[in-house]
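Engineer: Below you will find the structure I want to go over with you.
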Amino acid sequence: MANKHVNAVVIGAGAGGGVVAKELSAGGLTVVIFERGRWHTYDEHGDDELTSQRTFPLKCGYGPDNARNWRMVQDGKNGWTKVFPNDWSYGNNAACVGSGTVTYGAMAWRFQPVDFHLKTKYGALAGSTLDDWPIGYDELEPYYEKAEYELGVSGDPTNDPFVPPRKNPYPMPAFSFNKEGIILEKAARRLGLHPFPIPMLRNSVPYNGRAACIRMRTCVGYACPVGAKAGTQNTVIPVALKTGNCELRINCMVSEIMIDDKGKAKGIKYFDSDNKLQVQTSDLVVVSASASETARLLLNSKSKLFPNGAGNNNGWVGRNFQDHAYSGAYGLFEEEVYDDVGPGACIAINDFNHRSADIIGGGVLCNEFIRMPYQFTSIRPSGSQRWGKEHKDFQKQNFRRHIAIHGPVQEMPVFDKRVEVDPVVKDFWGIPVVRISGYRHDNDIKVGQFLADKAEAWIKEAGAMQTWQAAPGKQSVPSQHQSGTCRMGNDPKTSVTNKYGQLHEIDNIFIADGSLHVNNGGYNPALTILALGYWVGGHIVDEWKATHMK
Amino acid sequence: MKNQSFSRREFVRLFAGGTAVMLISFNTACRNKISQWRYLNEEEITLLDAIVEQIIPTDDFPGGKWANVSNFIDKQLDSYYRHHQAAYRDGLSAFENTVIQMKNKQFKELPFAEQTLILEKMEAGEFSGDYWKDHPSADFFDLVRQHSLQGFYGSPVHGGNREYISYKMLGLDYPNVIGQNRYNDLSWRTYNPKSPENGK
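Sequences listed follow chains C and X, in order. Here the first sequence is numbered in our numbering, starting from 4 and rising by one per residue. Here the second sequence is numbered in our numbering, starting from 27 and rising by one per residue.
Take a look at the structure:
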């Protein structure tokens, strides 16, 4: 039986897609959300470290599965290696209802105003496609606020002199610091820095019918047992479903956007939960499948007018693939600094984000989420024993006596760091797979070293007996912070969508995920993806009411 | 593989259930013992026990052998790590042969300190012999090392970390009862910008 025609198809039930589906269905459009994964609960996974979304030697508990999904990545010798979701080089993000927002650490950062016009601030950068966004911070500010209030953010900007301007306070008070946060707060002040609590998409007090956080040690990488962590799966998606206008179709893999000879999207093809090929027609299509999978779907949607993929006549789809060049330091202390108050990450400084003369970009610095026992087995200064008595002694001695600080170095977009579809290799359903190539810009390495030095100085001031750095290299596969592959812009020659996430070339296809980011900020990108969901979704509803996309 | 383990369970159920007497009378004739292992055999487990005990040695806390790390590895070889089956079967066999060539003894018969020296050579990729040309000993060592650490420090649901011994060792309370255990008063306070240290 043919599926009933709907106004909008939304592909991917993560941060961007969840918000867009809610905006559209609340605005009166009929919507089907397609999600290749399914619903997950804490009870299904518990606190099992080996199948979490943080460390996943056995499997990625929240998807995707190794049996049907794989990718090709450059092997550094002009060849390609086949990799699976629980290989680090796959660049995995969760595939489930809520996607990364189920298992993320839930930091709720707004980008800095300057992040929206980096080219104006720093000028052209050789080897980078650095550019300004077509929208400014002021335009996005109300949408940041909407995300903060509808999903729920705990924060307090009082002690952050560099906080992006806000019209209203956070909806919930910030979390108190744990033991290492208190130690680091004092040390930062002694250094003349400006420590403040990390804003979190996590309830410090009961909010919108969901409970307050119980400060578990397993948070990032795991679902929340009490629903205190806000994801789209426990906020906007249930609201969308309740409108009566929205259906969520899980375990469905979208393979292609159908585009007619006039250059309009007609709907999508997908493999249903029984792996049967189906068609869903619609008036418009929103793609929010993550920077890698969104680019893959566009590239796999070839048609008469777009032989290189949907909206890709300029060859920019899949380019400028970015993540964050995480950089920081570890320190060992004589006294115990661990008090088991989760999730661990609680304190930040904005002092090194765009505020250093010789540095382009930068990043926020935060103390790290709790390192679980298996994860901790590989946290060692170089030259340490990797097994045996010395290794076990280190576990016993330092698990409760170490602090980690790191930050997401803002990567400079590189044209040849990219997502393509492999010309030969196909996945379980026969869909050409993602292949990933390219290297980080040299600036990322330079800023990475800069930030590692700052992190190490902070830990030393806090009283560490021994410290070491962890700075980034050139090789990377963007994963949970992946972005940039369908950048927005005013110039159709050097961007994929306009300022509303609408493809320049196909006006009834929209993008709503990190793919849109012209650059990825020096922060975890979740709140910006959510805000862009409201921005794009709001625009679609307005345009729909005016023209019905005819 | 699922079918195999199902049929083994069936087999155990049938024989352990109603026909204990038959089992006893067949015991002498039927010399093939029902193995408690899924993929590895007794000899391989004995060897692996000695290796995992080196990776995580016993001190004032139990080591890899007591914590059932070999059971963890055997269990994964029948599920998530099926693709490593050949590496273990061939690797353990080549390892034992290499040790016998070097020392004229099995690995398990050697004193602890001598075992350590052998594994250090293996880790450094210094094993020679035909097998190790195509399968560098450093790679196999690292595989067993990683799996051992997973078995000792990961969740007991996967067959290792007996009685959450590594959690006890690190001072992490268990079971992790949602919303009930530990959490000092601090965790229930929110941030006070005028007194960040004390909260409110």
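Ideal Cβ positions, reconstructed from N, Cα and C, are used throughout, including at glycine.
I think C:Thr54 touches C:Leu154, with their Cβ atoms under 8 Å apart; what is that distance to the nearest whole Å?
Structural biologist: Not confirmed; about 26 Å, so no contact.
Engineer: Would you check if there are 3 or more beta carbon pairs closer than 8 Å linking the stretch 471 to 484 of chain C to the stretch 492 to 502 of chain C?
Structural biologist: no
Engineer: Given a cut-off of 7 Å, decide if C:Gly504 and C:Ile512 are closer than it, judged by their beta-carbon atoms.
Structural biologist: Taking 7 Å as the cut-off, the Cβ atoms of C:Ile512 and C:Gly504 do not count as close.
Engineer: Closest Cβ-Cβ distance between X:Pro222 and chain C: below 7 Å?
Structural biologist: Taking 7 Å as the CB threshold, X:Pro222 lines the interface with chain C.
Engineer: Looking at the unbroken alpha helix (DSSP H) that takes in C:Asp286, where does it start and where does it end?
Structural biologist: Counting along the chain, no alpha helix (DSSP H) covers C:Asp286; the unbroken beta strand (DSSP E) around it starts and ends at Leu280 to Val290.
Engineer: Going by the CB atoms, is the gap between C:His357 and C:Val117 shorter than 7 Å?
Structural biologist: yes
Engineer: Rank C:Lys265, C:Glu38, C:Trp547 and C:His8 by C-alpha distance to the C-alpha of C:Ala292 and give the top, closest one.
Structural biologist: C:Glu38
Engineer: Is the Cβ of X:Leu196 closer than 7 Å to any Cβ of chain C?
Structural biologist: yes
Engineer: On the three-state DSSP scale, how would you describe X:Leu49?
Structural biologist: Caution is warranted here: a pLDDT of 42 is assigned to X:Leu49, below 50, making its placement in the model unreliable, and no coordinate value can be reported.
Engineer: What residue from C:Phe379, C:Ser92 and C:His520 has the CA that sits closest to C:Asp78's CA?
Structural biologist: C:Ser92
Engineer: Less than 7 Å between CB atoms is the rule here; does C:Thr84 satisfy it with respect to chain X?
Structural biologist: no
Engineer: Using a Cβ-Cβ cutoff of less than 6 Å, which residues in the same chain neighbour C:Asn6 once the five nearest sequence positions on both sides are dropped?
Structural biologist: Gln283
Engineer: Kindly indicate which residue of C:Ser330, C:Leu121 and C:Asn315 has the alpha-carbon position closest to the one of C:Glu423.
Structural biologist: C:Asn315
Engineer: Give the DSSP-derived three-state secondary structure of C:Met175 in the structure shown.
Structural biologist: strand
Engineer: Could you tell me which residues DSSP puts in a beta bridge with C:Ser330?
Structural biologist: C:Gly410
Engineer: What whole-angstrom Cβ distance do C:Ile350 and C:Leu187 have, given they're in contact under 8 Å?
Structural biologist: 5 Å
Engineer: Give me the residue from C:Asn81, C:Thr84, C:Asn96 and C:Lys62 with the minimum Cα distance to X:Tyr106.
Structural biologist: C:Lys62
Engineer: Excluding the five sequence neighbours on either side, which residues of its own chain have a C-beta within less than 8 Å of the C-beta of C:Lys245, listed in chain order?
Structural biologist: none
Engineer: Which residues does DSSP pair with C:Arg74 in a beta bridge?
Structural biologist: C:Val86
Engineer: Can you list, in chain order, the residues of its chain whose CB lies under 6 Å from that of C:Val428, leaving out five sequence neighbours each side?
Structural biologist: Met75 and Val436
Engineer: Report the residue from C:Asp90, C:Asp445, C:Ala473 and C:Gly266 whose alpha carbon sits nearest the alpha carbon of C:Ala129.
Structural biologist: C:Asp445
Engineer: So if I threshold CB-CB distances at 7 Å, which residues from the stretch 373 to 395 of chain C count as touching chain X?
Structural biologist: Pro376, Tyr377, Thr380, Arg389, Trp390, Gly391, Lys392 and Lys395
Engineer: For X:Val170 and chain C, any beta-carbon pair shorter than 7 Å?
Structural biologist: no
Engineer: Using the Cα positions of C:Arg192 and C:Glu259, report the straight-line distance between them to the nearest angstrom.
Structural biologist: 54 Å
Engineer: Can you pull out the residues from the stretch 205 to 217 of chain C whose beta carbon lies closer than 8 Å to at least one beta carbon of chain X?
Structural biologist: For the stretch 205 to 217 of chain C, which is checked against every Cβ of chain X, the residues closer than 8 Å are Ser207, Val208 and Ile217.
Engineer: For my contact list, C:Phe372 and C:Pro346 are in at a C-beta cut-off of 8 Å; report their separation, rounded to the angstrom.
Structural biologist: 5 Å
Engineer: Of all the options C:Asn522, C:Pro475, C:Lys449 and C:Cys249, which has the alpha carbon lying nearest to the alpha carbon of C:Asp361?
Structural biologist: C:Lys449
Engineer: Starting from the C-beta of C:Ala474, find all residues in its chain whose C-beta is less than 6 Å away, skip the five residues before and the five after it, and write them out in chain order.
Structural biologist: Ser330, Gly451, Gln452 and Ala455
Engineer: So with Cβ pairs under 7 Å, would you call X:Thr84 a contact of chain C?
Structural biologist: no
Engineer: Run through DSSP, which three-state label would X:Ser33 get?
Structural biologist: Confidence at X:Ser33 is low in this model, with a pLDDT of 42, below 50, so its placement is unreliable and the value that follows should be read with caution. It is helical.
Engineer: First and last residue of the beta strand (DSSP E) that includes X:Lys194?
Structural biologist: Where X:Lys194 is concerned, there is no enclosing beta strand (DSSP E), although the alpha helix (DSSP H) it sits in stretches over Ile191 to Leu196.
Engineer: Can you list, in chain order, the stretches of the alpha helix (DSSP H) that have 4 or more residues and sit fully within the stretch 309 to 394 of chain C?
Structural biologist: 376 to 379
Engineer: Can you check the stretch 178 to 213 of chain C for any beta strand (DSSP E) of at least 3 residues that lies completely inside it and give the ranges in chain order?
Structural biologist: none
Engineer: Taking the alpha carbon of C:Gly40 as the point to measure from, which residue in C:Asp51, C:Gly64, C:Ala24 and C:Pro60 has its own alpha carbon closest?
Structural biologist: C:Gly64
Engineer: For chain C, check one thing: does any of its Cβ atoms lie closer than 7 Å to the Cβ of X:Gly215?
Structural biologist: In the sequence under discussion, the amino acid at residue 215 of chain X is Arg, which differs from the Gly named in the question. Judged by the 7 Å Cβ criterion, X:Arg215 is in contact with chain C.
Engineer: Smallest Cα separation from C:Met110: which of C:Tyr146, C:Lys279, C:Gly234 and C:Lys463?
Structural biologist: C:Gly234
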